[in-house]
Every structure is written in C-alpha cells, then in structure tokens.
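Asks:
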Amino acid sequence: MKDVFITANTIISPLGFDSEANVSAIAKEQSGITLHNNISTSPCYASIIDHKKLDDAFSKIGDSKIFTKLEKMMILSLQDTISQASFSISNKTALIIASTKGNIDALNNNFEPERAYLPVLAHKIKEFFGFKTEPIIISNACVSGILAIAVAKRFLQNDYYDNAFVVGGDIVSEFTLSGFQSFQAISKKPCQPFSKHRTGISIGDAAASVAITTDTSEREAIQIIGDGSCNDANHISGPSRTGEGLYLSIISALKEANLKPESIDYISAHGTATAFNDEMEAIAFNRAKLEKIPLNSLKGYYGHTLGASGLLESIVGIHSLKNNMLYKSLGMDELGVTMPLNIIENTTKKELKTFIKTASGFGGCNTAVIFKKVKQ
Amino acid sequence: MKKQLKIIAYCHIKNNTISINGKSIIAKDKDLSFSDFVKQIYKEKQLAYPKFFKMDNLCKLAFLTSEFLFEAAKLDSKIIKHTGIVLSNSASSLDTDRKYQDTITDKDNYFPSPAVFVYTLANIMIGEISIRHQIKGENAFFVSEKFNETLIEHYASSLITNKKSSHILCGWVDMDNNNYDAFMYLVSEEGLYNYSKKIIKKTYTQN
Amino acid sequence: MDALKKELKESIIEQLNLEDFTVEDIADDDALFGDGLGLDSIDALELIVMLDKDYGIKLTDPNEGKAVFVSVEVLATYIAKHRTK
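Protein chains in written order, with the numbering used here: chain A, 152 to 527; chain B, 3 to 209; chain C, 12 to 96.
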C-alpha cells in the first residue's frame, strides 16, 4: 500500500487568509471570537469572516456577486492550495469536499433554493478549477473535515486516485446558530474547552484545504499513518458516556500506525466546550492511555467551525509539527473534567514528531487520524 | 491487491414497495403518503421501537430498509456489531432542513425546534441504525447527484483491504419533497451474490 | 386545572411524537423522564420550547427544567402559576 502525505494547505478564517497568518495569530493568542450584535435575537459571541474582506480578496480571482459566502471561502482556500501544490489537476486527482450544511442560507436569502443542495455547491467548485473527476462530498456532521482526510488517504493508498485536493467549510448561519441555541449549547462568553467554567460552544466560520499525494519530494513531509471512524451507538445528539466510539477510533488508528499511545507527541482534541463533549473526550483519552500527552482544543481561537473544524485544526497540527510548537489551549483555566488530561496551558517549544486529531459529532460519529513528520 | 467482494443481501424500498434480493415482498397502495406507508409497515412488522416516531422521514426510511436487510441477511450478532455503514444520497437532510427553517423564518412566531434540528444532518440515519443494532463500526456519509456505485465500491473495498471492516452496509437513502428511494446492500468477502459496481447498478435500476 | 392537564397530555403526545400513547395512558403523576414515559434530553429541550410557545414561560436554566418536568401534575401546577399566555 502506498504512503500518503499531506502537503500544501490554506486556512481561510477571521485570523487570516493563509495558514501562516493563522498560525502566527495563534502563537500570539489572538482569537477570532468576538461579540456580534446582529446574528441572533441578542448579542452573541462567534467567529465570523468579514464579508467585505472576503469579497475584496475574492474579487481578484472571480466575481464576488455570483458565488455564495461559503463558495467564496472554499474557492479562495483551494486556489491558494492548488497553486502551492507540487501536482496539478489530472483525471486521477480527487476533489473531496467536506461540509455539514453547505449553502443552507440559500433556504432564506437571495440565492436560488437549489443552491442548498451540496452537489450544486460541489459543481460550482469543480467548474471553477476544472476538476476532471466527480466531486466526492462528505457530509458527516462535525467529523466531516477530518473524515475527508481519512477518505483521501484510504483512496490514495488503494490506488483509486494519485492525489487529492480536500476542501472543507461551513458558515455561521441563522439556521445553525438558532439550532444550537435551541439545544442551549451556545456559550454566553467565548468558549472555554475543558474548563470547569465552560458553558457551551461558540460557533465559527472557516474554510480550509489541503493537497494530499503519494508522491512528495519534501525533505520533511507529513505522512498520514493511521485512521479510524467509529460510531458510539448510544444517542443521536449526546456523546457516549464511556467515549466508546472515540476510543475505538483512536485504537484503530494507533493499531494501523503501529504506535503505542506514548509515541503520540500531541493531541488536537475536538474540545467544543459543551459539558458532555469535553467530559466524554477526557474519558476516551484516558481509556486509550493518552492522558499524559500534551493536548489542546483550538475552538478557543476559531469557535466550532463544524465541517471545516477537522480539516482546519489538522492544518494547525501540521504546522505545530513543522514548527515544533505546542500551542496554548485558549480559554482553559481550571480543568473541568473528571479524568486527568495534560492541557497545554502556555505555548511551548517542543520537538514533535506525531500528533493525533480527533473529532466527534451528532449521530454518534467519531474520527481519529494520526500524522507523522518524516524525513525523506 | 483489491479484494473480491460478495453481496450478502440487498433491499430496495421505492414507490411504496419493498423488495428483498430482487423479489417484491410487500406492495402497498402507491397513493399512500410516505407517513401512512411507514406507519403500516411498522405496525405489520410489530417493530415495538417507540423512538421510530421521533425520527424524521429520512431516518424512518433508512431505519426500515436496514430492518428488512438485516432480517434477510441473518448475520451473527457479533458480526453486526462491527459492521461498517457507508450510506449516501443527493438531498442530504434538506427535506427536514426546510421543516426546521419553517420554525425560524417568521420572527413573530420564532420557536426553533431542537427535536427537528437534531435531524438536520443526513448522517443521523447512520446513528439511528447503529443505536438499534449496537453497531460500533466504521461510518461515512457521502452526498452525490445520483447514486454512485463506483464511489461506494471503492470505499467499501478500501475499508476491507485496510482491515477496518469485514462487513459493510452500503447504500443510497434519499428523501426530498415526498420523493423517496432507498437501496441498501450488505457486502463482505463471503456472500451469496457476485458483486461489482455493474451488478449493483443493474440491481438498483431494475428493482 | 383538569383542562390544563388534559391539554398538556395532548401536547406532550403530539410534540414529542409519542405515537403509541393516548391521553388516558398518561397518569397525572406518571414520571415523565426515567421509568415513566421515558422521555430523553431532546424531549426536555422540546418541552422548554413548548412552555415558551404555548404558555409564554421562558426557562433559561436547564436545571430548572428538571424540577418542573417531573410529572404532568407538577408541570401543570408550575404553568398555572407562571403562565403569561
């Protein structure tokens, strides 16, 4: 089976329109989460990309009037990733798109209602870049972004494609914000993952993309070495109290990577800052014997970006490996879960070789992917 | 080395008709609404699963199709618990999304419904099937314009080659404005029927 | 009060999709959660919406909900006291 590497990458978020700007902001402990007065019935903390800034950037490559906000975010991200990538689009290049709700705002705005269909969104992206293959769309709740990386790896390993561009994104919309509010899951302050004082999520906009290939000449490459994506079989909106699905996903990924838990240098957790999610993750990480591994959640910088989160946060993890930096888990003060965890409280330089990205979502889904820095 | 897969069983629910392994086993009046159709099936099958009525139409459809499929497949319960589930559709959860949007569009009658919101993700159907049978295997939900048997074949094969799953529940479950179509099939390295994307395409189109 | 309790039972059956239940099946003091009707966390959230929509009562603390959603009897008493609609 072929080795699979993740190479070029671009984050589009309130912290910047390329990965380096984003990582720089994280190193300075800047957060994209601010108070917004006009997105809900009362002021609400969220991380939202300024539409004018987005349009200014997008106007350089396309007509900002004919694409939706999400399409502009995804296209801008992919444009940069494709230009950085060592390979160009061929008929053995996969286009993988991850989103939970796509253009859901089209149900109630000036775009035609058909725009809300994910295949329509995918077609816009395919046409823009001239992709030759049928887009592969993954819509699997909040694990979509990281599952998309696992899907790309699985396809490339098994020779179905030579390489892939993976793009993920979701927008802050009235639809999703009101839904999470009906779940009483939105925090009144910026979210605080794993903290004793956490009171829920902050929602966020973002798009992110990566180039995945079996052939890289990078001297220091990032290889995807293990994955797992298992269900809790417990409840459709609450996570398993024993962290069952996440635990099984982690074990599956470790087994495939042929690694013991202590060989993982860093955990990029899902850490949404709901009472149940963070507690469940703590239990799963302890069951998998990962409780001593330095861990953060990046939701304090970006809020919960839904379908983008797994992809976006993996990119930050990749930069963590390349920079040998453990970034602070923003929003953390006192540990508020019943099992021990090694939360990164201050940004620290440390030699890092491997990290695991985990995510969980509605429907009882969970995904874990392990990345390793290899010298070629 | 690509694995040679077989089909253990398959089920198609469309036009108020249910067929198993190509044979029609239940045919109800085509004019019945989807709600009435599934209610009748539920009662006749004596399902005794109250959660069924909390599900949205998409999940009810997926749930019922999987019930018939697992019944026909007669898999050992140990195998069921690790079965991978790889499903797909075209409309995602839009049928339910529109219903949720209705609870928030009118600002003078603004009551977002959590019970509807929870079903505004197509992969929830995988959750419902998993909970019913305690399946803790691999999951993935794909969206495509039409049923893409090639994509599903590639993914199921990859799961088996990578030793992530030995048996996989594959399929297409779509629900959009009263038009529905559910086609599910169980694959593994051992089974009754030969498997290839051509066979699946033929089976799907014919039934 | 009896009319309110009947109304609540009808509401609960309809809003929470309790297909197999009739108003007669729900006793005033049957536990709503746990062993009685077996409602879950999403049902609790949906009941909070119902309180607002039908009776104008806003419950912002989910823990407050635990004390109120004990049984139809307890719920009816609470609504009679706090309703604004």
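Ideal placement from N, C-alpha and C gives every residue a C-beta, glycine not left out.
Would you mind working out which of A:Asn160, A:Met483, A:Ala208 and A:Asp429 sits nearest leucine 397 of chain A, comparing C-alpha positions?
Replies: The option with the nearest alpha carbon to leucine 397 of chain A is A:Asp429.
Asks: Go ahead and pull the three-state DSSP assignment for glutamine 308 of chain A.
Replies: Residue state, collapsed to three classes: helix.
Asks: What did DSSP end up calling leucine 272 of chain A once you bin it into helix, strand or coil?
Replies: Here leucine 272 of chain A sits in helix by DSSP.
Asks: For isoleucine 240 of chain A, which of helix, strand or coil comes out of DSSP?
Replies: Here isoleucine 240 of chain A sits in coil by DSSP.
Asks: Roughly how many whole angstroms lie between the Cα atoms of phenylalanine 119 of chain B and glutamine 103 of chain B?
Replies: Those two C-alpha atoms are separated by around 9 Å.
Asks: Would you say serine 159 of chain B and alanine 124 of chain B are within 9 Å of each other, going by their C-beta atoms?
Replies: In this structure, alanine 124 of chain B does not lie closer than 9 Å to serine 159 of chain B by Cβ.
Asks: Determine which residues share a DSSP beta bridge with glutamine 230 of chain A and list them.
Replies: According to DSSP, glutamine 230 of chain A bridges with nothing at all.
Asks: So the candidates are A:Thr367, A:Phe316 and A:Ser511; which of them puts its Cα closest to the Cα of alanine 433 of chain A?
Replies: Cα-wise, what sits closest to alanine 433 of chain A is A:Ser511.
Asks: By the criterion of Cβ-Cβ separation under 8 Å, what are the contact partners of asparagine 385 of chain A in chain B?
Replies: Correct list: Ile133.
Asks: Flag this pair as yes or no: are the beta carbons of valine 302 of chain A and alanine 359 of chain A separated by less than 9 Å?
Replies: The answer is no: Cβ separation not under 9 Å.
Asks: Fully enclosed by the stretch 47-127 of chain B, which alpha helix (DSSP H) runs are 4 residues long or longer?
Replies: The qualifying runs are 59-75, 79-82, 96-107 and 116-119.
Asks: To the nearest angstrom, report how far apart asparagine 92 of chain B and alanine 273 of chain A are at their CA atoms.
Replies: The residue asked about is misnamed: residue 92 of chain B is serine in this sequence, not asparagine. When rounded, the distance between both Cα atoms is 12 Å.
Asks: Alpha carbon to alpha carbon, how far is phenylalanine 36 of chain B from aspartate 313 of chain A?
Replies: Approximately 43 Å between the Cα atoms of the pair.
Asks: Is the stretch 326-343 of chain A touching the stretch 370-380 of chain A, taking contact as three or more C-beta pairs under 8 Å?
Replies: Cβ pair count under 8 Å is below three, so no.
Asks: Within the 9 Å Cβ cut-off, does valine 40 of chain B reach chain C?
Replies: Judged by the 9 Å Cβ criterion, valine 40 of chain B is not in contact with chain C.
Asks: Would you call the stretch 385-393 of chain A in contact with the stretch 335-344 of chain A, where contact means no fewer than 3 C-beta pairs closer than 8 Å?
Replies: No, the stretch 385-393 of chain A does not touch the stretch 335-344 of chain A.
Asks: Taking 9 Å as the threshold (beta carbon to beta carbon), is isoleucine 520 of chain A in contact with chain B?
Replies: Note that residue 520 of chain A is valine in the sequence shown, not isoleucine. No - not a single Cβ of chain B is within 9 Å of the one on valine 520 of chain A.
Asks: Out of B:Arg134, B:Asn59, B:Ile162 and B:Ile28, which one is the CA nearest neighbour of leucine 49 of chain B?
Replies: When only C-alpha atoms are compared, the closest one is B:Arg134.
Asks: Check the Cβ-Cβ distances between lysine 96 of chain C and every residue of chain B, and say whether any is below 9 Å.
Replies: It does not; no Cβ of chain B falls within 9 Å.
Asks: Taking Cβ to Cβ, would you say threonine 505 of chain A is nearer than 9 Å to methionine 476 of chain A?
Replies: Going by C-beta atoms, threonine 505 of chain A is not nearer than 9 Å to methionine 476 of chain A.
Asks: Figure out for me which residue from A:Leu503, A:His421 and A:Asp321 has the closest Cα to the Cα of serine 198 of chain A.
Replies: Closest option to serine 198 of chain A, Cα to Cα, is A:Asp321.
Asks: Applying a beta-carbon distance threshold of less than 8 Å, which residues of chain B neighbour alanine 267 of chain A?
Replies: Near alanine 267 of chain A (Cβ distances below 8 Å), the residues of chain B are Leu96 and Asp99.
Asks: Please state whether the Cβ-Cβ distance between isoleucine 131 of chain B and alanine 64 of chain B is less than 9 Å.
Replies: In contact: isoleucine 131 of chain B and alanine 64 of chain B (Cβ atoms closer than 9 Å).
Asks: Can you look up aspartate 366 of chain A in the DSSP assignment and give me helix, strand or coil?
Replies: Of the three classes helix, strand and coil, the one that applies to aspartate 366 of chain A here is coil, per DSSP.
Asks: Are the Cβ atoms of alanine 439 of chain A and alanine 249 of chain A separated by less than 9 Å?
Replies: Against a cut-off of 9 Å, the Cβ pair of alanine 249 of chain A and alanine 439 of chain A comes out as no contact.
Asks: Taking only three categories from DSSP, how would you classify threonine 421 of chain A?
Replies: As written in the sequence, residue 421 of chain A is histidine, which differs from the threonine given in the question. Coil at histidine 421 of chain A, not helix or strand.
Asks: Taking just the CA atoms, how far does leucine 58 of chain C sit from valine 79 of chain C?
Replies: Distance between the alpha carbons of valine 79 of chain C and leucine 58 of chain C is about 10 Å.
Asks: Under 8 Å by Cβ, that's how I've got glycine 394 of chain A and glycine 183 of chain A pegged, so tell me the actual separation to the nearest angstrom.
Replies: Actually they do not touch by this definition, with Cβ atoms about 28 Å apart.
Asks: Does the count of Cβ pairs from the stretch 144-159 of chain B and the stretch 275-291 of chain A closer than 8 Å reach three?
Replies: Result yes; three or more Cβ-Cβ pairs closer than 8 Å.
Asks: Using C-beta distances below 6 Å, list every residue in its chain close to tyrosine 183 of chain B, excluding the 5 sequence neighbours before and after it, in chain order.
Replies: Here residue 183 of chain B is aspartate; the residue named in the question, tyrosine, does not match the sequence. Excluding positions up to five away in sequence, the list reads Lys16 and Asp176.
Asks: Identify the continuous beta strand (DSSP E) that holds glycine 379 of chain A and give its terminal residues.
Replies: Unbroken beta strand (DSSP E) run through glycine 379 of chain A: 371-379.
Asks: Would DSSP call glycine 533 of chain A helix, strand or coil?
Replies: Lying before the first or after the last residue shown, residue 533 of chain A is absent from chain A, which here runs from 152 to 527.
Asks: Given that serine 290 of chain A touches chain B, what residues does it touch there, using C-beta distances under 8 Å?
Replies: Per Cβ cutoff of 8 Å: Ser94, Leu123, Ala124, Asn125, Phe143, Phe144 and Val145.
Asks: How far does the beta strand (DSSP E) with isoleucine 289 of chain A in it extend, from its first residue to its last?
Replies: Run containing isoleucine 289 of chain A: 287-289, per the beta strand (DSSP E) assignment.
Asks: Can you pull out the residues from the stretch 43-72 of chain C whose beta carbon lies closer than 8 Å to at least one beta carbon of chain B?
Replies: Those would be Gly49, Ile53, Asp54, Leu56, Glu57, Val60, Asp63 and Lys64, in chain order.
Asks: Taking only beta carbons into account, state which residues of the stretch 12-40 of chain C come closer than 8 Å to chain B, listed in chain order.
Replies: Here the close residues are Gln26, Leu27, Asn28, Leu29, Glu30 and Asp31.
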